[in-house]
Structure formats: C-alpha cells, structure tokens
Amino acid sequence: MSIEIITLLIIGSLFLLMAIGVPLGASTLMVSVGTALLNFGPDGLILISSNVVHVFEKHTLIAVPFFVFMANILERSGVARDLFNSMAILGGQMRGGIAVQTVAVSVVLAAMSGVVGGEIVLLGLIALPQMFRLGYDRKLSIGTIAASGSLATLIPPSVVLIVYGAEAGVSVKDLFTAGIGPGLLLASLYVSYVLVRCRLNLL
C-alpha cells in the first residue's frame, strides 16, 4: 500500500472517530496502533512503545499538563469572567471598546494559561454575547475572538512553544523570549484594526 493511501486513511479515520464523538487522545491512539499493526504486524507495537518512552524522557513536556490544568482553573473559578468585567469598566464608552477589551483580556489569559482552545471558548462565552447585544458586526466579533485567542500560541507560557522546543531541541526559554515581541505586536495590530474598522463603519 502506497504512502499516499495510508496518509489518506489515517486522516479519514481520525475525522471519522472524532465525528462519532471519540475523544482526540483516544482517536489518535487507536489510529496509530491500527496503522502500526497493519503495516508492521506485532512489531509495530514495539515501535509505538519505544516512541512513547522517548517522549517520557523529555522533561520539558511536564509543563504542558500543568498549563492545561491552570486554564481549567481559570474557567471553573470565574477569574476570566471577572477579568473581562474589570476591563469593561476601564474601557468606558470607547468606540469598539468591547472588542479592544477582548484582545486585552486574551493577552492576559495567554500569559496565564498558554492554551489556545480554552481561551477561545472563554472569550466566546463571555465577550461574544455582549458584542452581539451592542450591535457589533458579526464578522468583526467572531474574527476578533478567533484572532486574539490565537495569541496564546506566541505569548509565553505557550504550550505550542514548549512542545516545539522539546521536539526540535531548542531552548524553551529562548523561544519564550522570542515570542513576547511578536505576540504583543500582533495584539497591538488587532487593536488598531478594530479601532479603525469601528470608526470607518460609523462614518
């Protein structure tokens, strides 16, 4: 069987398992074990176990579950909601203020958790209804949340940078240092775009 067909089968199997409600971790495990058995037979299990041991030897990855746990604490404790409410008070009646506050809160949450998915869900639950209620453009509202939520990829502590540093053999500290500038630059560009777009829409 060619590598192209195997790749298509792997991707299709992942999408199928996730579509029927199987968690991502279990889906990945089932597909990897199935692919190894089909291509290498019982020896494929040895290949999988050796790779798992290799991952366990990378102590840098220990930080990943702790950051995920921190994001869950922020979600369940209501800290993120209180933070957004505080930023709303500071923003006052500024035109496009709710969208600007969403970007600001996303920067703070990115620096606290480093997890992209949880941050977007929180902002979607908290900020999106308020922007719709105040008559914000639908595309601008959803785009602001999606774009600002992705800042957790760059702003330390980023889980993506931790995983990349562990796999590439690069210092995670250097990656964190290099990610601060671009992350804040992106946030400032998002804020500038929101302010300009809101002003142009009302001209």
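Taking numbering that gives the first Met the number 0, I'd label the letters of the sequence shown as residues 0 to 202.
Don't be surprised by glycine CBs; every beta carbon is placed ideally from N, CA and C.
As the structure is a prediction and not an experimental result, all values here were calculated from the model.
Within 10 angstroms of the beta-carbon of Phe83 lie 16 or more other beta-carbons, which makes it buried.
When the beta-carbon positions are compared, Ser31 and Met17 stay at least 7 Å from each other.
One alpha carbon belongs to Val120, the other to Gln100, and they sit about 16 Å apart.
The C-alpha of Ile47 lies about 53 Å from the C-alpha of Ile88. Taking 7 Å as the cut-off, the Cβ atoms of Gly182 and Leu153 count as close. In the structure shown, Asp173 adopts helical secondary structure according to DSSP, grouped into three states. Between the alpha carbons of Ile2 and Glu166 lies a gap of roughly 24 Å. Within a 10 Å sphere around the beta-carbon of Ile144 sit 16 or more other beta-carbons, which makes this residue buried.
For the segment 94-166, the continuous alpha helix (DSSP H) assignments of 4+ residues that do not extend past its boundaries occur at 96-111, 115-132, 137-148, in sequence order.
The beta carbon of Arg132 sits closer than 6 Å to no other beta carbon from its chain once the five residues preceding and following it are set aside. Inter-residue distance for Val21 and Pro64 is about 20 Å (C-alpha atoms, whole angstroms).
The alpha carbon of Gly148 has as its nearest neighbour, out of Gly11, Leu185, Asn50, Asp173, the alpha carbon of Leu185. By the criterion of a C-beta distance shorter than 8 Å, Leu13 is surrounded in its chain by Ser26, Thr27, Val30, once the five residues flanking it on both sides are discounted. If you ignore the 5 residues before and after Ser105, its C-beta comes within less than 7 Å of the C-beta of Glu118, Leu122, Ser147, Gly148, Leu150, all in its own chain and listed in chain order. Counting along the chain, Ile61 sits inside no alpha helix (DSSP H), nor does DSSP assign it H or E at all. Judged by beta-carbon spacing, Val102 lies beyond the 7 Å limit of Val195, meaning their Cβ atoms are not closer than that value. When the beta-carbon positions are compared, Cys197 and Gly95 come within less than 7 Å of each other. For Val21, there is no enclosing alpha helix (DSSP H), as DSSP marks it with neither H nor E.
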